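Residue numbers (the numbering used here): 2 to 165.
Read the structure below first, then the notes.
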Amino acid sequence: MIVLDTSAAIEIVRGTEMGHKFERLTLKGEQIVSVDLLYGEVCSSFTKYVKAGMMTRDEVARTIERAVGLVDKFVPMRDLYPEAFNESLRLAHSPYDMFYFVLARRTAGTLFTMDQRLIKLALQNGLNCVYEDTSVKDDPWTTRLETMEGPGRAYTREELLGRG
């Protein structure tokens, strides 16, 4: 199961290099879930494209439809907000991001995001996520980290490559 946040959805519909990586890391038939917050965040992001003259209103409307169309099931914020609020305070992180964090934890889904702080937080808390490893100069690669040992287990690049 994929938990899709707004930043990843935007990369996918814009057809960026990272968007293509997210698509390749999605298994065939895999369910994609998100928080209904995605509707507002996608609209907010793409409104800026119209205001900047980068896209027309019609182009943005179609792009928004494609972005929300990536999601198979939306989970209402009302089902997550107490936990998102508490995690926001505990982890000193944006409550908006905590909705995706909590959904990934509850579903044991893989979090797709471009937010580096959220990725770091997910890894520190044993959540499955996608991230780009840039630890080797001039050799970045993207991996989908999913653990079987449970929370708190992360893998080094060497372990993932079988050298550790």
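Ideal placement from N, C-alpha and C gives every residue a C-beta, glycine not left out.
The model shown is predicted, which means the values in this text are computed figures rather than measured ones.
- Bounds of the beta strand (DSSP E) holding V76 are K74 to V76.
- The alpha-carbon of R63 is positioned some 12 Å away from that of R15.
- Residue pairing of N129 in beta bridges, as defined by DSSP: T111.
- For S8, the secondary structure class from DSSP, reduced to helix, strand or coil, is helix.
- Taking 9 Å as the cut-off, the Cβ atoms of I120 and Y132 count as close.
- Nearest C-alpha to R67 among V43, D98 and S89: V43.
- One thing to note: D6 has its Cβ within 9 Å of the Cβ of D98.
- The closest CA to that of I33, considering only D80, M115, A85 and V69, is found on V69.
- By DSSP's assignment, S35 forms a beta bridge with F75.
- Rounded to whole angstroms, the separation of the alpha carbons of V103 and V76 is 11 Å.
- Excluding residues up to 5 positions away in sequence, G20, F23, E24 and L71 lie with their Cβ nearer than 7 Å to the Cβ of I13 in the same chain.
- The Cβ atoms of F86 and I3 lie no closer than 9 Å to each other.
- Taking the CA atoms as reference points, H94 sits about 8 Å from E88.
- Within the DSSP bridge table, the entry for I13 names no partner.
- Within 10 angstroms of the beta-carbon of D59 lie fewer than 16 other beta-carbons, which makes it exposed.
- Straight-line spacing of the CA atoms in K74 and S35 works out to 7 Å.
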